[in-house]
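**Student:** FYI, UniProt numbering numbers position 42 of the sequence shown as 42, with every residue one higher than the one before it. Ideal Cβ positions, reconstructed from N, Cα and C, are used throughout, including at glycine. Questions regarding the structure given below will be posed in turn.
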Amino acid sequence: MKESVKIQIAIAAWLLIMGGFFAYFICYQVFNNLDSVPANQEIVNEEIFYSQLNGLEVDKDNKDFLPAAVMIENHIESRPPSGLAQAKIVYEILTEATITRFLAIYDLSENLEKIGPVRSTRPYFIDLALEYGALYAHSGGSPAALERLKDDDSISNLDEFFGYNSGYFWRDNQRSAPHNLYTSSLLLSKAKDNYQFQDKSDFISWKFKDGWSAGQDGSEIKINYSPTLSYQVVWKYLKSSNKYERWQANKRHIDEEGNIIEADNVIIQSTKTQTLDEIGRKDIDLIGEGQALIFRDGLAIKGQWSKDSVTTRTIFYDESGQEVELNRGQIWIEVVPVDLEISY
C-alpha cells in the first residue's frame, strides 16, 4: 500500500515538472520571437473609406464615383415606387399644385434592378442634381427645364426623349402610361460609359457623426403638402432602431419590393415658393439661405440652410452657426414653402 502511494506521488511530481518545463518552453519561444521583430516595424491599420453621400463605410473601389440623380414620381396612380428605399439621399418637392415628386440620389455601385416610375424634371430639380455633378435621369420636363438643359452642357443629361436614350429605360406593361417608366443601376451605368460621362464627382460631403443617444419613442414630424390626405406626410421616430419611418396618406410608405421606407435623418428645408401659371407650376428658390429643421436621434435641431451657387452644396447649420453632423445612413430632405406649417 505504501509502495503504491509512493508511485502515485512520483508520477504527480513528474507531471508537475514536465508541465513547468513545457510552460517555460512556450513562453521562451513567444518572447524570443518578439525580440526578433525589427524595432522600426510599424503596425499598419487598415484604412476605412466612407460614402460621400451618406457617410456609411464602403469599399475602396466605391469611394469615388459618379452619383445618379433620378426623378421618381409620387402621383397617386404611380404608387408604390421601386428602388426608393435604397436611395442614399431623397428630396421631396412640390411640382404642380400640391403634388410632390422625388429626386433620388444613388450610388451606382449597388445593383438595383428597378428604379421608378421615372418622370419629368423642373428647373429646381436640376439645381439639386448639379450639387452632386450627377448623371441626371428623367423623362422630359417643363418648358423652362428643357430650355435650361439644352443650354447647359455641364449636366450629364439622360432624358428618355433625347436621341437613343429610350434604350436606358423601359415601360412596365402591368401599369398604365405615363406612370410606368423605369430604369436600373445597370442601365444607368451603361449610359455613363456609352456617353463617356465623367467617372466620379468631387462634390463636398456633409459631416457625419458616430454614435447616438435616442430621443423619445413615438415623436412625429407632420408635413401637409396638401389639404387632401394623399400628400400628407408623417415621419414616425422609432427609438429601437433610431430611424424615422415614413407614412404617406395615413399609410406606412412601402415600396413595390416590400421595403418600408425609412430615414436616419429627416431635414425640413423652407424655401421661397411661387406659383407661375394656371397649371400650378412652381418657382422654388434653392439658392441663398433659409430656415431649416434637422431631425436626428428623435430630436429637432433648429437652424438654417445655405447654398451659394447652383453648383455648390447646400449646407445645414445649427443656431450657433456650426454645420450639423448627420447620422450615417439615409437622408430625406423635405423642401417646403416658407409658409407651410410643420408640426413636431
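(1) Please classify Asp-127 as buried or exposed, where buried requires at least 16 other C-beta atoms within 10 Å of its C-beta.
(2) Identify, in the order they occur along the chain, each residue of the same chain with its Cβ nearer than 8 Å to the Cβ of Glu-256, setting aside the five sequence neighbours on each side.
(3) On the CB-based measure, 16 or more other CB atoms within 10 Å of its CB, does Asn-194 come out buried or exposed?
(4) Excluding the five sequence neighbours on either side, which residues of its own chain have a C-beta within less than 7 Å of the C-beta of Tyr-91, listed in chain order?
(5) Going by DSSP in three states, Asp-107 sits in which element: helix, strand or coil?
(6) Could you spell out where the beta strand (DSSP E) holding Arg-246 opens and where it closes?
(7) Can you find the residues in the same chain that come closer than 8 Å, C-beta to C-beta, to Asn-62, ignoring five residues on each side of it along the sequence?
(8) Since I believe Asn-165 is in contact with Arg-171 (beta carbons under 8 Å), could you give me their beta-carbon distance rounded to a whole number of angstroms?
(9) Looking at Gly-55: is its Cβ nearer than 8 Å to the Cβ of Phe-208?
(10) Indicate whether Ser-142 and Ser-176 have their beta-carbon atoms separated by less than 8 Å.
(11) Excluding five sequence neighbours on each side, which residues of the same chain lie with their C-beta closer than 8 Å to the C-beta of Ile-254?
(12) Going by DSSP, which residues form a beta bridge with Ile-93?
(13) CB-CB under 6 Å to Phe-31, same chain, minus the five flanking residues each way: which ones, in chain order?
(14) My understanding is that Ile-72 touches Pro-123, with C-beta atoms under 8 Å, so please give their C-beta distance in whole angstroms.
(15) Figure out for me which residue from Leu-326, Ser-139, Ser-201 has the closest Cα to the Cα of Lys-243.
(16) Which residues does DSSP list as the beta-bridge partners of His-138?
**Tutor:** Straight from the coordinates:
(1) By the neighbour-count rule (16 or more Cβ atoms within 10 Å), Asp-127 is buried.
(2) In chain order, Pro-80, Pro-81, Ser-82, Lys-114 place their CB closer than 8 Å to the CB of Glu-256, counting only its own chain and leaving out the 5 sequence neighbours on each side.
(3) It counts as exposed.
(4) Correct list, in chain order: Phe-102, Leu-103, Leu-128, Ile-333, Val-335.
(5) In this structure, Asp-107 counts as strand in the three-state DSSP scheme.
(6) Arg-246 -> beta strand (DSSP E) spans 243 to 248.
(7) The residues are Phe-49, Ser-51, Asp-107, Ser-109.
(8) Not confirmed; about 14 Å, so no contact.
(9) In contact: Gly-55 and Phe-208 (Cβ atoms closer than 8 Å).
(10) Going by C-beta atoms, Ser-142 is not nearer than 8 Å to Ser-176.
(11) Closer than 8 Å at the Cβ level, and outside the excluded window around Ile-254, lie Pro-80, Ile-260, Ile-261.
(12) Beta-bridge pairing links Ile-93 to Arg-101.
(13) For Phe-31, the predicted structure reports a pLDDT of 45, less than 50, and the residue's modelled location is therefore unreliable. A value from the coordinates is still provided. Result list for Phe-31: empty, nothing under 6 Å.
(14) A Cβ-Cβ distance of about 18 Å is found for the pair Ile-72 and Pro-123, leaving them out of contact under the 8 Å criterion.
(15) Here the closest residue by C-alpha is Leu-326.
(16) According to DSSP, His-138 shares a beta bridge with Asp-159.
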